[in-house]
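Visitor: What follows is a structure written as structure tokens; I'll ask about it next.
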Amino acid sequence: MERDCTKHHLLQHLLRLLFCLLIFVPDIFSKALANPTASNNSATAVIVFGDSTVDPGNNNYVKTVFRANFAPYGQDFANQVPTGRFSNGRLTTDFVASYIGIKESVPPYLDPTLSIDELLTGVSFASAGSGFDPLTPKVSHYPPSRANGQGNNLERNIRERDIRNSMIKGSDEYVQSMVSHVLEQNVVDIPKQLEYFKEYKKRLESAIGKKKTENHIKKALFIVSAGTNDFVINYFTLPIRRKTYSISGYQQLILQTATQFVQDLFEQGARRILIGALPPMGCLPVVITLFSNHAISERGCIDYFSSVGRQFNLLLQNELNLMQIRLAKHGVRIYLTDTYGAMTDMIQGLGRSAFDEVSLGCCGTGYMETAVLCNPKSYLCPDASKYVFWDSIHPTEQTYSNVFKSLRPIVDAVIRD
């Protein structure tokens, strides 16, 4: 009888344990599936270069109007803090860092409060407004905004008005005005980002030694995202480069500078490198607004702009393939991410996540607003996750999340042990 009671109690305990497992295990699995992490990797850091698509706030620390450290930017970030990211929340690079298990978000290198632990696990050197063309960071703020909150300066306003007027005409006077004015612009261009990286390495060497720093850099994941500003702003919107280059000639210029930058990263110790492909540029809300025949009623993508991006991506892929073959003996892994395909799928409604709006930004009217024109007084859409774009240029956190999911196999390939 006593043995039967013992069996009965044991059975009760087992049933309780089974009940708990039925309740909690599915929840554990669902969380694991929702937030997967990379396995079999030894990645030590995430190191980022580029433009506003991967700038987490470096422009907060330089003299420029091209910032996003104010509401409503960052409204869906932790504690609703406007960090300087040109989105409502996290960027693709943040999702990558979290997936690898490095950190939840990648900080800006220029943040003076970063600890050595933060530096060790990676930073972003990217700067909104930058590009591969040396001229791009000098002209990417045009046309000037009246909503910069800096007060009125009659002489400056008159000059900016004259520049805008001559820009519309595409005249030689405009070119002269632009050349004289570009020196006043101040974002962190790609060469300067590389210089900051060299400085970063020295800081690591002081903390952990030269040999450990070399090994640390070899195992780090490098991400580069730039080029959109070169084409959308510097070539298509302004006349300076078009006076010198055909579109194919300009593609070659950007191709040369982009591949040289990858070579520079290799020479500085990078071995695991992801390069972001150009997106479907003709689908950016601002491009549709500026170049559509009827910007209000016809909000379809401008295919010519997107085709230029597709052509460039093919050229870049071919060059990176050649670099991969040439540098493979050094343990180099270079991959081009299919940003173009991922965003095209979302815009065409072919992805797993459906969007209600694909041709307008969530902020303001959605036609033109970005940077200071998307501000605390701007109207906001009710649900940013239903929009592909946050402002007229930059994607929402949901879009960045989807882009990350599409490139996860490439991340796995480049960081595998």
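Mapped onto mature numbering (1 follows the signal peptide of the UniProt record, and there is no 0), the consecutive letters of the sequence shown carry residue numbers -34 to -1, 1 to 383. From the three backbone atoms N, C-alpha and C, an ideal C-beta is built for every residue, glycine too.
1) In terms of residues, what are the limits of the alpha helix (DSSP H) holding Leu281?
2) Determine the contact status of Ser191 and Val28, defining contact as a CB-CB distance below 9 Å.
3) Distance, Cα to Cα, Gly327 vs Gly97?
4) What does the alpha-carbon distance come out to for the pair Asn25 and Glu285?
5) According to DSSP, is Arg208 helix, strand or coil?
6) Under 7 Å Cβ to Cβ from Lys352, same chain only, skipping five residues before and after it: list those, please.
7) Could you give the distance in angstroms between the alpha-carbon of Ala92 and the alpha-carbon of Tyr39?
8) Flag this pair as yes or no: are the beta carbons of Gly332 and Leu339 separated by less than 9 Å?
9) Quick one: what does DSSP say Ser90 is sitting in, helix, strand or coil?
10) Could you pull the DSSP bridge partners for Arg169 from this structure?
11) Please name the residue, chosen from Asp42, Asp60 and Phe36, that lies closest to Lys371 on a Cα-to-Cα basis.
12) Measure the C-alpha to C-alpha separation of Ile262 and Tyr345 and round it to an integer number of angstroms.
13) Assuming Tyr353 is part of the alpha helix (DSSP H), what are its boundary residues?
14) Since Leu240 and Ile376 should fall inside the 8 Å C-beta cutoff, what is the C-beta to C-beta distance between them, to a whole number of angstroms?
15) Note down the Cα distance separating Arg56 from Leu373, rounded to an integer number of angstroms.
16) State the DSSP-derived secondary structure class of Thr10, mapped to helix, strand or coil.
17) How would you call Ile291, buried or exposed, if buried means at least 16 neighbouring beta carbons within 10 angstroms?
18) Does the structure place the segment 358 to 368 close enough to the segment 245 to 256 that three or more beta carbon pairs sit under 8 Å?
19) Using only the alpha-carbon positions, how far apart do Ser172 and Glu180 sit?
20) Leaving aside the five residues before and after Pro78 along the sequence, list all residues of the same chain whose C-beta is less than 8 Å from its C-beta, in chain order.
21) In the structure shown, what three-state DSSP assignment does Val190 receive?
22) According to DSSP, is Thr336 helix, strand or coil?
23) If you pair each beta-carbon of the segment 161 to 172 with each one of the segment 218 to 225, do three or more pairs fall below 8 Å?
24) Whole angstroms are fine: how far does the CA of Asn259 sit from the CA of Ile82?
25) Secondary structure at Cys347, three-state DSSP: helix, strand or coil?
26) Name the DSSP bridge partner or partners of residue 388?
27) Could you check if Tyr270 is buried or exposed, using at least 16 other CB atoms within 10 Å of its CB as the buried criterion?
28) Closest to Tyr16 by CA distance: which of Ile189, Leu302, Ser214 and Gln234 is it?
29) In this structure, does DSSP put Cys329 in helix, strand or coil?
30) Report the option in Ala94, Leu293 and Pro74 whose CA atom is closest to the CA atom of Ala236.
31) Indicate whether Thr58 and Val31 have their beta-carbon atoms separated by less than 9 Å.
Guide: So, from the listed chains and residues:
1) Mapped onto the sequence shown, residue 281 falls at position 315. Run containing Leu281: Asp269 to Leu293, per the alpha helix (DSSP H) assignment.
2) Here residue 191 refers to the residue found at position 225 when the sequence shown is read from its first residue. Here residue 28 refers to the residue found at position 62 when the sequence shown is read from its first residue. No, they are not a contact pair.
3) Position 361 of the sequence shown, counted from the first residue, corresponds to residue 327. Position 131 of the sequence shown, counted from the first residue, corresponds to residue 97. Their backbone Cα atoms lie some 22 Å apart in a straight line.
4) To locate residue 25, count along the sequence shown from 1; it is residue 59. To locate residue 285, count along the sequence shown from 1; it is residue 319. Spanning the two alpha carbons is a distance of roughly 31 Å.
5) By 1-based counting over the sequence shown, the position of residue 208 is 242. Helix, per DSSP.
6) Residue mapping note: residue 352 aligns to position 386 of the sequence shown, counting from 1. Same-chain partners within the cutoff: Phe321, Asp322 and Glu323.
7) By one-based count along the sequence shown, residue 92 stands at place 126. By one-based count along the sequence shown, residue 39 stands at place 73. Roughly 17 Å between the two C-alpha positions.
8) Position 366 of the sequence shown, counting from 1, holds the residue named residue 332. Position 373 of the sequence shown, counting from 1, holds the residue named residue 339. No, Cβ-Cβ distance for Gly332 and Leu339 is not below 9 Å.
9) Translated into the one-based positions of the sequence shown, residue 90 becomes position 124. Residue state, collapsed to three classes: strand.
10) Residue 169 sits at position 203 when you count from the first residue of the sequence shown. BP columns for Arg169 are empty, so no partner.
11) Residue 371 sits at position 405 when you count from the first residue of the sequence shown. Checked all of Asp42, Asp60 and Phe36; the closest Cα to Lys371 is Asp60.
12) Here residue 262 is taken as the residue at index 296 of the sequence shown, counted from 1. Here residue 345 is taken as the residue at index 379 of the sequence shown, counted from 1. Looking at the two C-alpha atoms, the distance is approximately 18 Å.
13) Taking the first residue of the sequence shown as position 1, residue 353 is located at position 387. Unbroken run through Tyr353 is the beta strand (DSSP E), Tyr353 to Phe355; no alpha helix (DSSP H).
14) As a working note, residue 240 is residue 274 in the sequence shown. As a working note, residue 376 is residue 410 in the sequence shown. 7 Å between Cβ atoms; contact.
15) Start at 1 with the first residue of the sequence shown, and residue 56 comes out as number 90. Start at 1 with the first residue of the sequence shown, and residue 373 comes out as number 407. Arg56 and Leu373 have their C-alpha atoms spaced approximately 16 Å apart.
16) Here residue 10 corresponds to residue number 44 of the sequence shown, with the count starting at 1. Reduced to three states, the DSSP call for Thr10 is coil.
17) Locating residue 291 in the sequence shown gives position 325, where the first residue counts as 1. Ile291 should be labelled exposed.
18) Output reads yes: the segment 358 to 368 touches the segment 245 to 256.
19) As a position in the sequence shown, residue 172 is number 206, starting the count at 1. As a position in the sequence shown, residue 180 is number 214, starting the count at 1. About 12 Å.
20) Position 112 of the sequence shown, counted from the first residue, corresponds to residue 78. So the list reads Tyr27, once near-sequence residues are dropped.
21) Within the sequence shown, the letter at position 224 stands for residue 190. Reduced to three states, the DSSP call for Val190 is strand.
22) As a working mapping, residue 336 is identified with position 370 in the sequence shown. The answer is coil: DSSP assigns Thr336 none of H, G, I, E or B.
23) no
24) Reading the sequence shown from its first residue, position 116 is the one you call residue 82. Reading the sequence shown from its first residue, position 293 is the one you call residue 259. Approximately 53 Å, taken between the alpha carbons.
25) Sequence index remark: in the sequence shown, residue 347 carries index 381 (1-based). Three-state result, Cys347: coil.
26) The chain is shown only over -34 to 383; residue 388 falls outside these bounds and no answer can be derived.
27) The sequence position of residue 270 within the sequence shown is 304, counting from 1. Exposed: under 16 other Cβ atoms inside 10 Å.
28) Start at 1 with the first residue of the sequence shown, and residue 16 comes out as number 50. A quick correction: the sequence has Gly, not Tyr, at residue 16. Comparing Cα positions, the closest option is Ile189.
29) For the purposes of this step, residue 329 is identified with residue 363 of the sequence shown, where counting begins at 1. The answer is strand: DSSP assigns Cys329 an E or B state.
30) For the purposes of this step, residue 236 is taken as residue 270 along the sequence shown, with counting starting at 1. Closest by alpha carbon: Leu293.
31) For the purposes of this step, residue 58 is taken as the residue at position 92 of the sequence shown. For the purposes of this step, residue 31 is taken as the residue at position 65 of the sequence shown. Taking 9 Å as the Cβ cut-off, Thr58 and Val31 do not qualify as a contacting pair.
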